[in-house]
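Colleague:
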Amino acid sequence: TTVSDLLSTKPRGDDGFKVQVDGWVRNVRKSSAVRFVDVSDGSCSAPLQAIVQRDLAKDIQFGAAVRLKGTWKTRDTQSGGQAEAAKPPELQVDEVEILGHSTAATYPIQRKYATPESLRGIPHLRMRTPLNSAMLRLRSDALGVLNQFFSEEKFQQTHPPIITASDCEGAGETFRVEAGTAKDPFSESEQYLTVSSQLHLEAFAQALGNVWTLSPTFRAERSDTSRHLSEFYMLEAELSFVEDMEEILDFIQRMLGGLVRGLSQRDAWKELDDFRTNPRDPTARQTMADLDSRDTLERRWDGLLSPDKWPRITYTEAIDVLQGKVGEFEHAPEWGKGLQSEHERYLAKTIGFDRANNAYVPVFVTQYPQAVKAFYMRQAAENPPQGLVFDCFDLIVPDWGELAGGSMREHRHDALLANMDRLLGREAPALDWYMDLRRWGCPPHGGFGIGFDRLLSYLTGVKSIRDIAAFPRLYGHIQC
Ligand code: 4AD
Ligand code: MG
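Going by full-length UniProt numbering, the sequence shown opens with residue 38, and the numbers climb by one from there.
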């Protein structure tokens, strides 16, 4: 039995029933005759309370792994009255087995508030704390919800390669894979860790139709911020036989709305909410990541669940808006340059604000100049006077800026070659196989990628991506 199952099982009558529980000691409180031991097994945030006679409890220390056998019983209500009776039942223990010893005095996790920064120094242990383990359960729930969503939408889940021969985004942020020795190299050609599964996903899409993946991606990006990791999971989907980018934007809205709806039915979501509403209760939170307020989150969730189409604005329109507010920015907005994070956040806060519902709705910025985007995108049919643009988009939200990026793919062989000549010139990588996809039966298609760690941070209000990734890989240094 898991603790989660037990806590939702009320024993009938006064006698209770026999159970065995395996878990970790989260707290020990002493009274003269007995020890009150909180035990948790990772299945939920709430511990179960075990009552252990003093002589049985001598090796029970904070952090130990234990097997307890005893009786699951309704609480004795004589002392506490009604409030006590409302609490979950408790375990009257008659047998204790220590399966893994702990020494509370040296255990780096202590039963008091610890800052997110100090916990980041021990990622291998911090996941044992209630809040962090709830975030990991929520991540697992999200995988379940997404699997179901995509399967209902008739998308096939695929496993694109992690080691690749190309740099999909062309930003020069690849990790090179080296193996063997200089004399005896493992590979004749350069190999990299993938920065995006997209190119390979396009190949899958031309065999299977609509496809998706949630895969690790790697970027040697010199960005030391609360939004960047050098290893992160990207949710990518590719839609075949799609001509109008609107279909992709609508799909993303349906997917994210479905994710919020699905997650909000799950226990981990409710647990995270409890941590938020008891911000200073150290027994509940014990150790913390910085969390956004419930208010902020409700506005985000309402926006994600909005029944209306999320706003679309072209890059050129966005630049106009931003240039009307130049004084607000560190970097002056300029047509032909990428949007800075401060620009994205401003647009998200203003254009994305739904006054009637007091909600923040994500915003699609579309049709970026070709110079700031990647070679594989489809040339737009109509272009502004300032220059050529692609049929592409970024999805932006308050506080985080860019959450997703995507585009129509250039499916015409010659137009793609022209893109590569224009944008990559001599540096054009060997992408014969990718050109092959355009040689035989390439329909119009497009897709998107969404940073899964960023998405979870945004949904849960965890302010730093370093607290949502269990083992954050960062520019310059990693722990463990
Ligand atoms: O915008 P990006 O670079 O798009 C692509 O790689 C496309 N090939 C995806 C596609 O169309 N299939 O990355 C997509 C998303 C970003 O919007 C951002 O959310 C996330 O990936 N991302 C990062 N997340 C965490 N740390 C980083 N260093 C990230 N870089 C990008
Ligand atoms: Mg992008």
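Note that beta-carbon positions come from the ideal geometry of N, C-alpha and C, so glycine has one too.
1. I'd like the list of long-range same chain contacts for Leu474, defined as Cβ closer than 8 Å, with 5 residues on each side in sequence excluded.
2. Measuring CA to CA, which of Ala455, Trp61, Gly442 is closest to Ala274?
3. May I have the straight-line CA-CA distance separating Thr403 from Glu367, to the nearest angstrom?
4. Pick from Arg213, His161, Ser444: whose alpha carbon is nearest that of Phe255?
5. Given that a residue counts as buried once 16 or more other Cβ atoms are within 10 Å of its Cβ, and exposed if not, what is Val363?
6. On the premise that Tyr495 lies in contact with Leu440, defined as a C-beta separation below 8 Å, what is that separation, rounded to the nearest angstrom?
7. What residues match up with Gly438 in a beta bridge as DSSP calls it?
8. Should Ala396 and Arg336 be called a contact, given that it needs their Cβ atoms to be closer than 8 Å?
9. Can you tell me whether Glu268 sits near the ligand MG, meaning its C-beta is under 7 Å from at least one heavy atom of the ligand?
10. Check whether the Cβ atoms of Cys205 and Val232 lie closer than 8 Å to each other.
11. Starting from the C-beta of Ser70, find all residues in its chain whose C-beta is less than 8 Å away, skip the five residues before and the five after it, and write them out in chain order.
12. Have a look at His482 and Val279 and give me their C-alpha separation to the nearest angstrom.
13. How would you label Asn456, buried or exposed, when you count the other beta carbons within 10 angstroms and need 16 or more for buried?
14. Since Arg446 and Met414 should fall inside the 8 Å C-beta cutoff, what is the C-beta to C-beta distance between them, to a whole number of angstroms?
15. Between Ala141 and Phe73, is the Cβ-Cβ spacing less than 8 Å?
16. For a test of your reading of the model: does the CB of Met472 fall under 7 Å from any non-hydrogen atom of the ligand 4AD? Yes or no.
17. Give me whichever residues DSSP pairs with Ile200 in a beta bridge.
18. Could you tell me which residues DSSP pairs with Arg446 in its beta bridges?
19. So what's Phe73 in DSSP terms, helix, strand or just coil?
20. Quick one: does the C-beta of Gly107 sit closer than 7 Å to a heavy atom of the ligand 4AD?
21. Do Trp109 and Phe187 come within 8 Å of each other at the CB atom, strictly closer than that value?
22. Might you give, ordered along the chain, the residues of its own chain that have their beta carbon closer than 7 Å to the beta carbon of Gly207, omitting 5 neighbours on each side?
23. Relative to the C-alpha of residue 526, which candidate in Ile285, Thr351, Leu266 has its C-alpha closest?
24. Considering only the alpha carbon of each residue, which of Asn394, Arg392, Phe427, Leu276 lies closest to residue 29?
25. Return the chain-ordered list of same chain residues with a C-beta closer than 8 Å to the C-beta of Ser330, the five sequence neighbours on each side being excluded.
26. Following the continuous beta strand (DSSP E) through Asn64, name the residue where it begins and the one where it ends.
27. Could you check the C-alpha separation between Thr262 and Pro126 for me, to the nearest Å?
28. Using only the alpha-carbon positions, how far apart do Pro406 and Glu354 sit?
29. Could you tell me whether the segment 178–185 touches the segment 297–306, where touching means 3 or more Cβ pairs closer than 8 Å?
30. Apart from the five residues on each side of it in sequence, which residues of its chain come closer than 6 Å, Cβ to Cβ, to Leu236?
31. Quick check on DSSP: helix, strand or coil for Ser277?
32. Among Gly478, Leu44, Met172, which one has its Cα closest to the Cα of Thr111?
33. Taking the runs of the beta strand (DSSP E) that are 3 residues or longer, which of them lie wholly in the segment 86–158?
34. Report the rounded CA-to-CA distance for Leu276 versus Gly484, giving the unit in angstroms.
35. Report yes if the C-beta of Phe508 is less than 7 Å from at least one heavy atom of the ligand 4AD; otherwise report no.
36. So, is Asn315 buried or exposed, given that buried needs 16 or more other C-beta atoms within 10 angstroms?
Modeller: So, from the data block:
1. Glu239, Ala240, Gln243
2. Ala274 has its Cα closest to that of Gly442, out of Ala455, Trp61, Gly442.
3. 23 Å
4. Arg213
5. exposed
6. With 8 Å as the limit, Leu440 and Tyr495 qualify as a contact, their Cβ atoms being about 6 Å apart.
7. Answer by DSSP bridge pairing, in chain order: Val434.
8. yes
9. no
10. yes
11. Here residue 70 is Ala; the residue named in the question, Ser, does not match the sequence. Correct list, in chain order: Gln90, Arg91.
12. So the two alpha carbons sit approximately 5 Å from each other.
13. buried
14. 7 Å
15. no
16. No, since every heavy atom of the ligand 4AD falls outside the 7 Å radius drawn around the Cβ of Met472.
17. Beta-bridge pairing links Ile200 to Leu230.
18. In DSSP, Arg446 forms a bridge with Met414.
19. Assignment of Phe73 by DSSP, reduced to helix, strand and coil, places it in the strand class.
20. Checking the Cβ of Gly107 against the ligand 4AD gives no.
21. It is not a contact, given that the beta carbons lie outside the stated cut-off.
22. Ala411, Phe412, Leu461
23. In the structure displayed, the chain extends from 38 to 517; residue 526 sits before or after that span and is not available.
24. Because the chain is modelled from 38 through 517, residue 29 falls outside the range shown and cannot be assessed.
25. Arg313, Gly498
26. 54–67
27. Annotation: Thr262 to Pro126 spans about 45 Å, alpha carbon to alpha carbon.
28. 12 Å
29. yes
30. Excluding positions up to five away in sequence, the list reads Cys205, Tyr471.
31. strand
32. Leu44
33. Every unbroken stretch of the beta strand (DSSP E) spanning 3 or more residues and falling wholly within the segment 86–158 is given here in chain order: 102–110, 127–137.
34. 6 Å
35. Annotation for Phe508 indicates a beta carbon at 7 Å or more from all heavy atoms of the ligand 4AD.
36. exposed
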